[in-house]
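Numbering-wise, the sequence shown is residues 510 to 1640 according to our numbering. We put the beta carbon where it would ideally sit given N, CA and C, even for glycine. Below is one structure, written out as C-alpha cells; comments come after it.
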Amino acid sequence: MLFPLEIATSTAEGPDGPRLTTHWTYAPGVLAAHDAERLLTLWCEALETLAGIPADPVHTPSDFPLVPLDQEQTDDLLARFPALSDLWPLTPLQEGFYALTQLAADDIDVYTVQLVLRLDGDLDPAALHRAAATLLERNPGLRTAFVGAGSRPVQVVLDGVEPDWAETDLRSTPAGDRTEALRALAVDERLRPFDLTAPPLLRLRLVRLGEREHALMVTNHHAILDGWSVPVLLQELLALYAAELGPAELPPARRPFKDFLIWHAAQDRRAAESAWREALAGVTEPTLLAPADPDRRPVLSDRIEHRLDEELRGRLQALARGADVTINTVVQFAWALLLARHTGRDDVVLGATVSGRPPEIDGVETMTGLFINTLPVRVDLREPGTVRQALIRLQREQAALSAHQHLGLADVQRIAGAGELFDTLMVFENYYIDGEGLRRAERSGELAVTGSDQTDATHYPLTLVVVPGGHLILEYRPDLFTPEQARALVQRLTHLLTELGSRPDTPVHRLQALPPGERRRILDDWNPDPRPHPDRTLPDLFAEAAGRDPGAPAVVCGARTLSFGDVSARAARLAHELIARGVGPEDLVALMLPRTEEMLISILAVHQAGAAYLPLDPDYPAERLAFMLEDAAPALLLTTTALAGRTEHPATVRLDDPATAATIAARPGQPPTDADRLRPLRPENPAYLIYTSGSTGTPKGVVITHRGVVNLFHSHRRALYEPVVERTGRTRLHVGHAWSFSFDASWQPQLWLFHGHCVHVLAEDIQRDPEQLHRYLRAKAIDFIEVAPTVLAQLEQAGLTEGGTCPLPLLGVGGEAVPDSQWARLRELPGTDVVNLYGPTEGTVDAMVAHVRDSDSQLIGRPVDNARVHLLDAGLRPVPPGVPGEMYLAGAGLARGYRERAALTAERFVADPFAADGSRLYRTGDLARWTEDGAVEFLGRVDDQVKIRGFRIEPGEIETVAAAHPDVSRAVVTAREDGGVRRLVAYGVPRPGSAPDPVALRAWLAERLPAHLVPAAVVLLEALPMTANAKLDRGRLPAPDFGAAVGGREPVGERETAVCAAMAQVLALPGVGADDDFFALGGDSIVTVRLTGVLRADGWEVAPRDVFRHRTAAGLATGLRRQDGSAPADG
C-alpha cells in the first residue's frame, strides 16, 4: 500500500438504478481497526446527509456516454429539461426525420403515422387511460424529446411524461354519419403536427361509436416507432389494460431501445463505409422518376392498391424457391426493371427500408423504437444473364451488405458522391407479430379488435409497399403523378412480375415493361393507319397541277411572275436538254444557281429528265463544294457564268451561255415521258441528294426518293393545303419561300406548287432582313410561310404579330425547337393556324406535324401519312408515356440511305423489330417522349446531355435562355472538368455595341433557371471558335476563371465570419469563402440542419430554410441575428 487508507468507489447498474459500491483498505500498522470502522461510519453518515438535502439532480457528460457533450451543453439541457433522466443519440433515420421536420417548418409533416383500431366490448376509458400512462412509464423511448445540442441533435429522455389522451363521443351523431365523422377526426389528428421537443410524440384518442363499439386512434411521429414496433406496443397496452381491470399479470419488461443504441455505437463504421463504397462504385447519377427539386414542399401521398392474383403469387413463390432468393428480392428486381425502363438506364438505384434489428441482440424482435433504416439498393442490369441468374446475383450482393446496414443514408450518399441517389422507396412489410400474444391480451381485457386502418407516408415521390399475401400499395405524390400515371406504374410492375414468374430463364434485356394492351396502344394506335396514295412521281404531280390552269401564277421572283404554263414549258425544254446530254433515272445533276426562279425550274427539269438534283450553295467554301462534287460524282453541273468559277466540274453547263440557252430554247416545250427518257422513271428513284453535317466532321449525302416526297405532298394536301383553302375560300394561295435551296426544308414551300399555288422565291436581301420580310408578307398577302423559330421571333419584333394578330392564315415553324414562351404567344393568334413541322433530312422534310393551338407547350405532334414514329430505349424497347426515349422513324418517308456510305447507312438505318415486312427504322438521335394522348414532345439531342452533381442537364435549355438576353447574340454551354471538378460553363458572344458583365449575366440566368442549371461561370468571347466545317470547336473554348463565379473572398464582420466557420466545420473543409455556394461544396438537407445547430449553439438565430434560400455565407449572414437580441459587432 502507498497510503494508510485507500478508498475505491464505483457505480453499477442495478434493478432499481445505479448502486454505489465502496471498498476500503487500511494499513493495520498505521490505523487501528476500530478507527477504520469509525471513519467508514462517519463517511456513510455524511453521504446520507448529503443525499437527504433537497437539490436538483446534477449530471456530468460521463453520465451519458452515448452522446459527445461537454458540461456546458449538458447543463443547458438540464436547465431546459429538469425531468431529464438520460440522453441518447439519434439513429441515422431518426436524424433524417429530424432534419426533414426542421425543414418542413409549418408545412405538413408526412412522417406522422396513424393506426385506428376498432374495439368491441365493455371498455373502461379510465382504465385504458391509466394503462396508457403505465405504457409510457415502461417505455423510455416514448418519452423522448428531439433537440439540438451542439452540431448534432440528441434524444432527451424525460421522466413524468403524461399520455396525450383525448376522448370523443359520437353516439349522438346519426349512425350513417359516424364513419365519416370518425374519418374526419382521424384526418385532423394526422394533420396536427408534433413538436419534437415536447414528448410524448404519441397521441391517443378514444372515440365512442356505440355502447360496445369504440375506435382507438394511435397517432405518433415516425421518429419514435417503426411499423414493427406498433403491434408490440398495442399488445402491451391491452395487457396493461387487462391488469388495470383485474388480477391479470403485468406483461414482462422488454429490453430498452437504449440497448440497440449501444450496439449501434459499437459497430465498425470504417468497414461499413468501405463496403458501401465498393457496392456503389461507378454510380455517377441518381435514379429519379420525378424532376429534381430541392425546394419541393411536402404533401400527403395518395395511394393505389392492387392485389396479385393467386396464380401469379404461386409462380413468384416458385421462382423464389427455385432461385433460393426471397420474395423481397424478386419484387425489388421487378421494381428496378421498371425504373430502368422509365429512366433509360441499365444501372439503377432504388431506396429500400431494412428492419435494422440485429439478430445478435437477444429479444430484439420484441423491442420497440425506430430500428429501420433506408438504404440504396443498386441493380446493375449491364451484366448478361437470365432472370434467375440476376436474382441470385442481387440477393448475393444484398447479403454482403447486411452487416453494414447500420450506416446512415446521408453517409452512404456522400460516399457515393452522386447526390441524392434515388427518389423511389420500396418497403417490404414483414413485421414480426405475436398473434397468439395479441389475442391473449384481447381476451384478458374482454375486448376484441375487429378492424384496423393504418396510414403513413414518406417524403419520396413514389413508395411501393409490399404486404405479404401479394398486396401492393403504391403511394404517390399527387402533385407529381396523376392517378392514371400511378395506376399505369402498378400495371407495368404487375406485368414485369408476370414476366419474371413466367420466364425465369429469359435474358433480362428481353423483358418488356409495357403490358400488351399499352404496348399495342403505343405501337399501333398512336401511329396512323396507312393511307394509300397514288404511286406517282413528282413530274406526274406537277403535270396535273399545270394542266388544271396553265395561266395561273406559279412562281414569283422580284418583279417576274411566271404562270404554270411558263414554268412547265421552260422546265420541259431543260429536261429534254438534260436527256440529250445522257442524264436519266439514278443519275445526279448538281445545281449551283442564284436564288431565283431558275432554281425552281431547274429542279423540275431534273425531275422530268428522271434524275435527282444536288443543290450547291454558291456561298459555301470552295473546299466544301469540291468535296460534295467529288463525293456525289454528278453527271452534270448546272450553273451560271458568274458562279462557274466557284468550283470545277468536267461536265459544267452554263445556263446563261448564249449557245446553251439557244439550244435549250429549241427543245420541245412538252414534258418528257418515259418514251423520251433514257430509262423509265419510277417512284423508288432518287429525287434529290442533300448533304448534312456528320458527327465525324465529314458531310454525308442523304438520298431521298420520289415516293417519299409524293407521300408528304398527299399528307400535307389533306392536313394543311385543303383546310386553309376551305377557310380562306381562295383556291390559289401565295406561299413564301424563305429557306435555302441547300436545305431540305426548301421542299416545304415548293410542295405547294404541286397543288396549284403560287410560290414566291424571296430574294436573299428580303430573306435575311426581318423588316423587309415582314413588309413583303403583308404587301403580297402571303398566305403561308415557314421559318425557323428564331427568324419568327425577329418577325414578331418587326410587327408581324402586332396587336396580337397575324395576317397569314397558316404559319409554319420548323428547323429547331420552339421555345415555350413563343409557343404560348403563337397559340393565341386568332385566325392563324400555326403548325410546328418536324423532320430530319433522312425522313423527307417533315415526319411529324403539330398544331400549336392543340397544346399549351411545345410538341412536334403526330406522324404524317404512312409514317410511323417509335420512341425506344437503348434495347430498342418502346418507352412508356412521359419517359424520354430516342426517336426512330419508319414508313414511306425514309431515305434510301447515305450515298456511298454503306457502313453509316447500316448504323443509322436498322431493321424494324415491329414490322414483319423487312422494313427499316431510322435512328434520329433526337430525344423525345409521348404525351398521355399520343403526341410527341421534343426534348433535345441524345448526345447533348451532360451530368453535373447527379443531374442530367440539356445544355440547349440553358443556351436558349442565355441567348434571350438582350446583350447576347449567341451562347454555348458546355461541361468542363477543371481540377477534378465538373462544372457548367456558359460562353457568350455579345451583340455589337454591347458589353455585358459576366457576373451580372450569370445572375440574370440564375433568375430564370433552376439552381442546378445555372452555369458556374460565364465567359464572354468576341467570337466562338469554329472548325473548318463551320462547327463549334469545343476544344478551343478557354478555361474560365472560377474565382469570379465562386467567390472565395474572406469573410467580413462577425456574422460572415461565424457562418464561414460553421460551414467549414460541418463540411469538414479547411475554410469556406463568403461567396461560396454551400450546396456546391457538398451541403445537403441533413448537413444544413447540422449547420443551423452549430450556429444556434453559438447564439445565432437561424432556420434551415434560410440556408436553402441564401446558399452563401454572405447571404445567410445578412439576416443573422443574436438569440438574445443583442446587436452583432458588425451591426
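CA-to-CA distance, residue j to residue i, given in whole angstroms
i, j, result
"E1325", "Y1431", "19 angstroms"
"L934", "A1623", "37 angstroms"
"Y1496", "D1452", "19 angstroms"
"L1083", "P1167", "14 angstroms"
"A1702", "T991", "Because the chain is modelled from 510 through 1640, residue 1702 falls outside the range shown and cannot be assessed."
"R1630", "G1602", "14 angstroms"
"C553", "A542", "17 angstroms"
"E515", "D572", "25 angstroms"
"I1112", "Y1122", "7 angstroms"
"F1460", "P800", "Because the pLDDT at F1460 is just 43, under 50, the model does not fix this residue reliably, and the value given afterwards should be weighed accordingly. Their backbone Cα atoms lie some 10 angstroms apart in a straight line."
"P1579", "L1380", "49 angstroms"
"R1458", "A927", "Because the pLDDT of R1458 is 43, which lies under 50, any placement of that residue in the model is unreliable, and the question is left without a value."
"P761", "A642", "17 angstroms"
"R996", "H851", "15 angstroms"
"V1354", "Y1347", "8 angstroms"
"T1414", "P807", "51 angstroms"
"D1585", "A1512", "14 angstroms"
"T1172", "R1163", "12 angstroms"
"E1132", "G1217", "31 angstroms"
"I901", "G894", "11 angstroms"
"E720", "D629", "9 angstroms"
"P591", "V666", "11 angstroms"
Of the listed residues the options, nearest to residue i (C-alpha basis)
i, options, result
"L734", "A1114, P649 and A695", "P649"
"T1440", "E1466, D1476, A1472 and L1368", "L1368"
"P1316", "I1112, D1329 and L1286", "L1286"
"A1151", "F1051, A1061 and P1103", "P1103"
"F1423", "L973, P1547 and D1033", "D1033"
"R1417", "A1425, M1396, P601 and A1437", "M1396"
"R1429", "R1377, D1435, A899 and V716", "R1377"
"W674", "L1123, R1410, L710 and G1465", "L710"
"R1517", "I1467, P1501, L1546 and A1526", "I1467"
"H1116", "I881, I1088 and V1611", "I1088"
"A1444", "F880, V666, L890 and N1036", "N1036"
"R1450", "G1394, D1476 and A774", "G1394"
"P1143", "V1092, R1191 and A724", "V1092"
"T793", "R1408, G1074 and I924", "I924"
"G1608", "Q1632, W737, V567 and S681", "Q1632"
"R1241", "L903, A1055 and A1577", "A1055"
Sequence-distant residues of the same chain with beta carbon closer than 6 angstroms to residue i, five excluded per side
i, result
"G1352", "L1398 and G1402"
"D1140", "none"
"R822", "G979"
Other residues of its chain near residue i: CB distance less than 7 angstroms, five sequence neighbours each side excluded
i, result
"P867", "W772 and V873"
"P1560", "T1566, C1569, A1583 and A1622"
"S1249", "D1126 and S1255"
"D633", "L754"
"Q611", "V1598 and P1613"
"D1044", "P1192"
Other residues of its chain near residue i: CB distance less than 8 angstroms, five sequence neighbours each side excluded
i, result
"R778", "L916"
"H913", "A780, A781, A784 and W785"
Rounded Cβ spacing between residue i and residue j (contact assumed at less than 8 angstroms)
i, j, result
"V1528", "L1514", "Incorrect: roughly 13 angstroms between the Cβ atoms, too far for contact."
"G1321", "E1295", "3 angstroms"
"A693", "L809", "Rounded, the Cβ-Cβ distance is 15 angstroms, inconsistent with contact."
"Y1197", "K1209", "About 14 angstroms separates the two Cβ atoms, so there is no contact after all."
"R1001", "P1389", "7 angstroms"
"T1046", "L1190", "5 angstroms"
8 angstroms Cβ cutoff, residue i in contact with chain B
i, result
"V1092", "The structure shown has no chain B; it contains just one protein chain."
Segment contact flag, the region 853 to 869 with the region 975 to 986, C-beta cutoff 8 angstroms, min 3 pairs: no
Segment contact, 8 angstroms Cβ cut-off, at least three pairs: the region 658 to 667 with the region 689 to 704: no
The region 998 to 1017 contacting the region 841 to 858, beta-carbon criterion three pairs below 8 angstroms: yes
Cβ contact check for the region 672 to 688 and the region 713 to 728: 3 or more pairs under 8 angstroms: yes
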